[in-house]
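Engineer:
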């Protein structure tokens, strides 16, 4: 139940984040650096839902603030 | 199979029958004509053999061809013979020739006569054989008309007449068809019954009739518009006579306040609710009550519940009526508003029905206002000095106690005494936050609280420059997430109720029934509560338990524990009372477990602590 909800929220937040990255022309490497991750790790977390959901919330907030 | 199919099939079938009957009718007519001509020829021959010369050879040959001769050669010979015999008689009679028919011709005539007789006999036989054939379409056409009308009536959505006995007979006749299965017949009969049941309930007003009625009394366009939005559900509840009654009363009546006829003062929603659920009587009674009390305030005209008797409505109407207007039935009544104004004025609030001050709260059911007053008192809003009473809108809250618990747990009400009062008593100073602090805001506050130290939490939450106000950054952060992702925070940062107390849903249902907003003093005799009181109370603060960094509303725990007093004591029950409705992180949960664990751990003496 919770897993399903989070899967759905992951799809939503991923699509919102990617739209923001595109619209605001954000440099992914910078963003990954701000989040304390390598670019590879950052991208892999967007390919499959990572167990720490707060990562997506942090990314989303950073993107909203830029 | 449906009634409509049955009727349509019957109409089609009758159509075919009518066509067939018309064909048969044609055949009968031909037979009758042929018989008549046969008889005519025969009688003429009987009279005088010489009449042969006057015969229409074509007509005769047609008759013979149809009924006697099958051979074309014979027919031709016959025609030839008749023509020659005709000529012979012509000569004899007109030119007085002395001649006679040859013996061969005499013989032919005898045969010819015999053949005509034979043809006549054949025709008579044929006609007899057709005795049972339906060649009259009259009754069929009539029957078809009946079915056609019935079909029309059934299809006509505006027609609300029930089926008559004659029509029912028609159905029975149509159903008397061996091709129809038993189940088909059964479902058809049920359909007839349903149709007739429906016919009884529907008052059968059309949208136009309703609108005409509105226009006749000059109601504003807003009423039409609102009606159109709910036409489908409202129309069955309306009755033009009743609307007329109410409207003429409202047009006639006025109060002594110089504001003209009452009709002009009603809001569209009030009018429509009165039309649907009220009556002339309820309106009349209310007008008299208001005249007697001298209350002519505008607010009553915008409160549908004042003008109807919800008791009647709830008794007589069923689930289908749960339309948008239904919610008005749970608004405050006239008496509620008067009582609210009196009560709140006594408490020192500036509210007034007349001036329209504090209307939202005045329009809350009186019972709820009183309950909220008790809750506010029990959460210490009328204590301390100087007393700073809560804003009047707080009295209109739903689930006020639950909300106050969350504010306590966020450290914004009865917070730590080490912090300045305008932080830890934020809700007391800004009591409008009882209404404005939403669940989303609280989620975020709790998330910050779980991430930061106490000092940093308040620093982050409150503005540096405007003392006692929530920081702008906090709200930016709030909106930065977007409301939809606060759900994700709730799911990922905090423990779910089921994880903390597996029997949560069972307790929930008990609480729903038994919780009455207060707690009994008896519970303080229980070991579990005694343990919490002794170990986790904060000195000088009646409103919190403190488990490590986790703050829990004390009134909440006591209230739930009291409501669950019939349940056997146990860790699960206590954990439920503590964590219900709270934001608890994984770490805080572990701390909490460690705090309540000793209650259930066996002591050296074998008994519980």
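Chains as they are written, first to last, in our numbering: chain C, 2 to 67; chain Y, 12 to 620.
Backbone N, C-alpha and C fix where the C-beta goes; we use that ideal spot for every residue, glycine too.
Using Cβ-Cβ distances below 8 angstroms, what residues of the stretch 7 to 39 of chain C are close to chain Y?
Structural biologist: 7, 10, 13, 14 and 17
Engineer: Comparing the C-beta of residue 592 of chain Y with each C-beta of chain C, is any distance below 8 angstroms?
Structural biologist: no
Engineer: Using a C-beta to C-beta distance shorter than 8 angstroms, which residues of chain C count as neighbours of residue 504 of chain Y?
Structural biologist: In chain order: 55.
Engineer: Using a Cβ cut-off of 8 angstroms (strictly closer), state whether residue 50 of chain C contacts chain Y.
Structural biologist: No, because no Cβ of chain Y sits closer than 8 angstroms to the Cβ of residue 50 of chain C.
Engineer: Spell out whether any CB of chain Y is found under 8 angstroms from the CB atom of residue 66 of chain C.
Structural biologist: Yes, its Cβ sits closer than 8 angstroms to a Cβ of chain Y.
Engineer: Name, going along the chain, the residues of the stretch 491 to 502 of chain Y whose beta-carbon falls closer than 8 angstroms to a beta-carbon of chain C.
Structural biologist: Hits within the stretch, in order: 491, 492, 493, 495, 496, 498, 499, 500 and 502.
Engineer: Determine the extent of the alpha helix (DSSP H) in which residue 602 of chain Y is found, giving its start and end residues.
Structural biologist: 597 to 611
Engineer: By the three-class DSSP mapping on this structure, what secondary structure does residue 16 of chain Y have?
Structural biologist: helix
Engineer: Quick one: what does DSSP say residue 3 of chain Y is sitting in, helix, strand or coil?
Structural biologist: Outside the shown range of chain Y, which is 12 to 620, sits residue 3 of chain Y, and nothing can be said about it.
Engineer: So residue 507 of chain Y contacts chain C; which residues on that side make the cut at Cβ distance below 8 angstroms?
Structural biologist: Under the 8 angstroms cutoff, chain C gives 3.
Engineer: For residue 347 of chain Y, which residues from the same chain have a beta carbon less than 6 angstroms from its beta carbon, with the 5 sequence-adjacent residues on both sides left out?
Structural biologist: 376 and 377
Engineer: Using three-state DSSP, classify residue 1 of chain C as helix, strand or coil.
Structural biologist: It is not possible to answer for residue 1 of chain C, since the shown part of chain C is limited to 2 through 67.
Engineer: Could you name the residues of chain Y that residue 59 of chain C contacts, counting a contact when the two beta carbons are closer than 7 angstroms?
Structural biologist: Near residue 59 of chain C there are no residues of chain Y at all, since even the closest Cβ is about 10 angstroms away, more than 7 angstroms.
Engineer: Which residue from C/61, C/67, C/5 and C/33 puts its Cα closest to that of residue 15 of chain C?
Structural biologist: Closest option to residue 15 of chain C, Cα to Cα, is C/61.
Engineer: Less than 8 angstroms between the beta carbons of residue 279 of chain Y and residue 308 of chain Y, yes or no?
Structural biologist: Cβ atoms of residue 279 of chain Y and residue 308 of chain Y: not closer than 8 angstroms.
Engineer: Distance, Cα to Cα, residue 510 of chain Y vs residue 363 of chain Y?
Structural biologist: 49 angstroms
Engineer: Please report whether the beta-carbon of residue 62 of chain C lies at a distance below 8 angstroms from any beta-carbon of chain Y.
Structural biologist: yes
Engineer: Quick check on residue 488 of chain Y - is its C-beta less than 8 angstroms from some C-beta in chain C?
Structural biologist: Residue 488 of chain Y has a beta carbon lying within less than 8 angstroms of a beta carbon in chain C.
Engineer: Under 8 angstroms, do residue 445 of chain Y and residue 401 of chain Y count as touching if we go by C-beta distance?
Structural biologist: Taking 8 angstroms as the cut-off, the Cβ atoms of residue 445 of chain Y and residue 401 of chain Y count as close.
Engineer: Which term fits residue 499 of chain Y, buried or exposed, when burial requires 16 or more other beta carbons within 10 angstroms of its beta carbon?
Structural biologist: Label assigned to residue 499 of chain Y: buried.
Engineer: For residue 621 of chain Y, which residues in the same chain have their Cβ closer than 7 angstroms to its Cβ, ignoring the five residues on either side in sequence?
Structural biologist: Any answer about residue 621 of chain Y is impossible in this case: the structure gives chain Y only from 12 up to 620.
Engineer: Going by C-alpha distance, which of Y/172, Y/151 and Y/162 is nearest residue 182 of chain Y?
Structural biologist: Considering only alpha carbons, the answer is Y/162.
Engineer: Please name the residue in Y/43, Y/96, Y/41 and Y/37 whose C-alpha comes closest to that of residue 66 of chain Y.
Structural biologist: Answer by Cα proximity: Y/96.
Engineer: Using a Cβ-Cβ cut-off of 7 angstroms (strictly less than) and excluding sequence neighbours within five positions of residue 600 of chain Y, which residues of its own chain qualify?
Structural biologist: 506 and 511.
Engineer: Cα-Cα, which of C/64, C/57, C/65 and C/63 is closest to residue 11 of chain C?
Structural biologist: Looking at C/64, C/57, C/65 and C/63, the one whose alpha-carbon comes closest to that of residue 11 of chain C is C/57.
Engineer: Can you have a look at residue 417 of chain Y and say buried or exposed, based on whether 16 or more other CB atoms are within 10 angstroms of its CB?
Structural biologist: buried
Engineer: DSSP has residue 265 of chain Y in a bridge; who is on the other side?
Structural biologist: Y/272
Engineer: If we require 4 or more residues per run, which alpha helix (DSSP H) segments fall completely within the stretch 38 to 122 of chain Y?
Structural biologist: 68 to 78 and 83 to 106
Engineer: Between the C-alpha atoms of residue 165 of chain Y and residue 266 of chain Y, what's the straight-line distance to the nearest angstrom?
Structural biologist: 50 angstroms
Engineer: Within this structure, are the beta carbons of residue 567 of chain Y and residue 575 of chain Y separated by less than 8 angstroms?
Structural biologist: no
Engineer: Mapping the DSSP letters down to three states, classify residue 562 of chain Y as helix, strand or coil.
Structural biologist: strand
Engineer: Between which two residues does the alpha helix (DSSP H) containing residue 522 of chain Y stretch?
Structural biologist: 515 to 525
Engineer: To the nearest angstrom, report how far apart residue 191 of chain Y and residue 513 of chain Y are at their CA atoms.
Structural biologist: So the two alpha carbons sit approximately 58 angstroms from each other.
Engineer: Quick one: residues in its chain with C-beta nearer than 8 angstroms to the C-beta of residue 42 of chain Y, no 5 flanking neighbours on either side, listed in chain order?
Structural biologist: 134, 137, 138 and 141
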